[in-house]
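Everything on this sheet refers to the single structure shown next.
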Amino acid sequence: MKKHLPVRKENDQDNNSSSTTNRSRAGASTTTRKSTSCNYGSSSSIMQPAGGRRERKRLEKELADMREKNKAGGGVVADAIGENIQIWEGVIQGPEDTPYFGGVYKIQIEIPDDYPYNPPKMKFVTKIWHPNISSQTGAICLDVLGKEWSPALSIRTALLSIQALLSAAEPDDPQDAEVAKMYKSNRTQFNETAKYWCETYAQENANAKESSYANPHQPKIDQIMEIRSEQKYRTTTYVKKFLRPKNAMIGARPV
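Take 301 as the starting number for the sequence shown in the working numbering and just add one per residue.
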């Protein structure tokens, strides 16, 4: 019987290798992938009226609850994009003790008319090197986004399950066969490549203002840090100018 990744509730090594960093980075330039063997791609459709008032109320409540949780920050946040409450963007922080730690990963979320009777469609916007996530399209192989979906689940629990997947890959049921092959045959090279992809694609998101809704005070913090940096530069410039020898080049920028 296939082992499923457990759903996370809301309240709640290496092989010997002679691989080098250059070999790890080579994985980032690969443009072809083997076909997926993911078995979670489709859910069992539950016949319900599409886009009813009850369904919309449920979604509006989820959005309000999510926005309330966003104020506290944390490893998972999401919000609707614009006026359409069926198009969301999620943000997941890479878990500790994984190659993804320190990265911030953006998730595209499309919510069907018959939600919650069928799951939301989610995919990674940020590139990631993981056996159960396509390194080309961002498609995710996860049971709760397919056959194991239940109306009792929510968008937040789905995002938490994706975050858990980053800590517990299932290479025997991959979305990206080439990544899974590396994961199983050369874990050191896999970790190096995943870390390189994190540093290349996900860490720039960590500093981006587009994810600042996780902390409503972040824009003010950024402004304060910018002012402090400018003050430090001016102080350093003044001191070096005062101590500069008389024959030093006038107008030279301090190093």
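For each residue, glycine too, the CB sits at the ideal point set by N, CA and C.
The structure displayed is predicted, hence computed values, not measured ones.
Check, Outcome
"Inter-residue Cα distance where the pair is Asp413 and Val425", "22 Å"
"Meets three-Cβ-pair contact criterion under 8 Å: the region 384 to 394 and the region 404 to 411", "yes"
"For Gly390: DSSP bridge partner residues", "Ala378, Ile407"
"Cβ-based neighbour list, Trp497, same chain, cut-off 7 Å, excluding 5 preceding and 5 following", "Ala328, Lys427, Ile428, Trp429"
"Contact the region 370 to 381 vs the region 449 to 465: 3+ CB pairs below 8 Å", "yes"
"Per DSSP, the bridge partner or partners of Phe424", "Ile407"
"Beta-carbon gap between Ala468 and Pro474 smaller than 7 Å", "no"
"CB of Ser435 within 7 Å of CB of Asp472, strictly", "no"
"Whole-angstrom C-beta distance between Trp449 and Pro419, which should lie under 8 Å", "4 Å"
"Assigned exposure category for Thr332 - 16 Cβ within 10 Å defines buried", "Confidence in Thr332 is poor, its pLDDT being 41 and thus under 50, which makes the residue's placement too unreliable to answer from."
"Where Asn384 falls: helix, strand or coil (DSSP)", "strand"
"Between the CA atoms of Ser485 and Ala502 - distance to the nearest angstrom", "25 Å"
"Distance, Lys447 Cα to Ser461 Cα", "14 Å"
"First and last residue of the uninterrupted alpha helix (DSSP H) at Leu466", "455 to 467"
"Top-ranked residue by Cα proximity to Gln386, from Leu466, Thr398, Arg356, Glu368", "Arg356"
"Residue nearest to Pro416 in terms of C-alpha spacing, selected from Gln489, Gln463, Glu362, Glu504", "Glu362"
"Bounding residues of the alpha helix (DSSP H) (the contiguous stretch that carries Phe490)", "487 to 497"
"Integer Cβ distance of Ile440 from Lys423, believed to fall under 8 Å", "6 Å"
"Inter-residue CB distance, Asn491 and Pro431 (contact presumed, cutoff 8 Å)", "Wrong, their Cβ atoms sit about 13 Å apart, outside the cutoff."
"Whole-number beta carbon distance between Leu442 and Leu465, since they are thought to touch under 8 Å", "6 Å"
"Integer-rounded CB distance, given that Gly402 should sit under 8 Å from Ala253", "A question about residue 253 goes unanswered here, because the residues of the chain that appear run from 301 up to 555."
"Ala439, DSSP secondary structure in three states", "strand"
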